[in-house]
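Sequential numbering from 54 applies to the sequence shown in my numbering.
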Amino acid sequence: MYFPGDYHLHTTYCDGNSTPEEMIAAAISLGYESVGLSGHSYVWFDDGFGMTAPEAYQAEVLALKEKYRGKIDIYLGIEQDVFAERPAEGYDYIIGSAHTIVCGGGYITVDYTVEKVTAGVREYFGGDWQKYVKAYYELAAEIPKRTGADIISHFDLVTKFNKGGRFFDEESREYKAVVYEALKSAAAGCRIFEINSGAVNRGYRSRVYPAVFILKALKELGCRIILSSDAHDSGSVGFMFDEMAEMARECGFKSAVHLTPGGFGEYSLI
Ligand SMILES: [Zn+2]
Ligand SMILES: [Zn+2]
Numbered sequence: 054m055y056f057p058g059d060y061h062l063h064t065t066y067c068d069g070n071s072t073p074e075e076m077i078a079a080a081i082s083l084g085y086e087s088v089g090l091s092g093h094s095y096v097w098f099d100d101g102f103g104m105t106a107p108e109a110y111q112a113e114v115l116a117l118k119e120k121y122r123g124k125i126d127i128y129l130g131i132e133q134d135v136f137a138e139r140p141a142e143g144y145d146y147i148i149g150s151a152h153t154i155v156c157g158g159g160y161i162t163v164d165y166t167v168e169k170v171t172a173g174v175r176e177y178f179g180g181d182w183q184k185y186v187k188a189y190y191e192l193a194a195e196i197p198k199r200t201g202a203d204i205i206s207h208f209d210l211v212t213k214f215n216k217g218g219r220f221f222d223e224e225s226r227e228y229k230a231v232v233y234e235a236l237k238s239a240a241a242g243c244r245i246f247e248i249n250s251g252a253v254n255r256g257y258r259s260r261v262y263p264a265v266f267i268l269k270a271l272k273e274l275g276c277r278i279i280l281s282s283d284a285h286d287s288g289s290v291g292f293m294f295d296e297m298a299e300m301a302r303e304c305g306f307k308s309a310v311h312l313t314p315g316g317f318g319e320y321s322l323i
């Protein structure tokens, strides 16, 4: 089916492998009418993800916007972490994310490596994964407040290394209750949530974010969805959009959000 664009893309300005122009070229070759770049904000505990030169990033994307005018609409975005060093200013849109729990004088970046996460849960949560998961969702609930998000990213990122429920049970009533509570708070501040294929794309897991039960809850809450590849290289732009659209339809969504010159618009998924 037809997709108008992909708006969660990383470049060499943060931890991506392709330049902004290479990402844009990929979007053009997919026939998109628009594309958005969304560099990671810088955080004080940066592990090499964040943009160290956001001004240069902004200047380059704005220049590319002009260069490609009439060919593709380019939007200047940022993936703003809840612990971003400075507020996101001068962007067309903000994707809000929680990647890291700061606790006990240290931190755990929930999507970094399974070794680091396991060690962190041991050190800061006494090995109690429930407590860790709860701390994550308490933070996720605050994404709109802390980031000014227009879009909330991978809401259940904390499940990244939990394949097969190896650390905690994603089917349990306790887990789902924690998620619902966070989702309700987050949805009160931001109405657009991603379906995000980033972790599948990079081989970490077999399902996209978020889980089906979360998508269904979002539908019930009257929220809207946006399809995102979270691509870190030009070959991954638009990754799994057909599958994500199918998943959205199965959860009752008839449309998805895209960016237009007049703001956020919707296109049909049917
Ligand atoms: Zn992210
Ligand atoms: Zn991202």
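Backbone N, C-alpha and C define an ideal beta-carbon position, used for all residues, glycine too.
Gly-315 carries a coil assignment under DSSP once its states are collapsed to helix, strand and coil.
Closest in alpha carbon position to Thr-166, among Ala-202, Lys-184, Thr-212, is Thr-212. A Cβ closer than 6 Å to some heavy atom of ligand 1 marks a residue here, and those residues are Glu-132, Ser-150, His-152, Ser-206, His-207. Annotation: Cys-67 to Phe-102 spans about 5 Å, alpha carbon to alpha carbon. A distance of 8 Å or more separates the beta carbons of Ala-301 and Ile-323. In this model, Ala-79 and Tyr-60 are separated by some 13 Å (Cα to Cα). One alpha carbon belongs to Ile-131, the other to Ser-94, and they sit about 7 Å apart.
Note on geometry: alpha-carbon atoms of Ser-87 and Tyr-128 lie some 8 Å from one another. Relative to ligand 2, Gly-251 has its C-beta within less than 7 Å of a heavy atom.
Burial check for Glu-247: the Cβ neighbour count within 10 Å reaches 16 or more, so the residue is buried.
Excluding residues up to 5 positions away in sequence, Ile-196, Pro-197, Lys-198, Ala-202 lie with their Cβ nearer than 8 Å to the Cβ of Gly-242 in the same chain. For Ser-87, the uninterrupted beta strand (DSSP E) run begins and ends at 87-93, by DSSP. Between the alpha carbons of Val-232 and Ser-238 lies a distance of about 10 Å. Distances from the CB of Asp-283 to the heavy atoms of ligand 2 include at least one below 7 Å.
Taking 8 Å as the cut-off, the Cβ atoms of Gly-58 and Tyr-146 do not count as close.
Distance check between Ala-235 and each of Tyr-228, Gly-217, Glu-227, Ala-194 places Ala-194 closest, using alpha-carbon atoms only. Excluding its 5 nearest sequence neighbours in each direction, Glu-74 has C-beta neighbours in its own chain below 8 Å: Leu-117, listed in chain order. When only Cα atoms are considered, Ser-150 and Leu-268 end up about 17 Å apart.
Placement of the Cβ of His-311 at a distance of 7 Å or more from every heavy atom of ligand 2 is found. When C-alpha distances from Thr-162 are compared across Cys-276, Asp-283, Lys-216, Tyr-189, the shortest belongs to Tyr-189.
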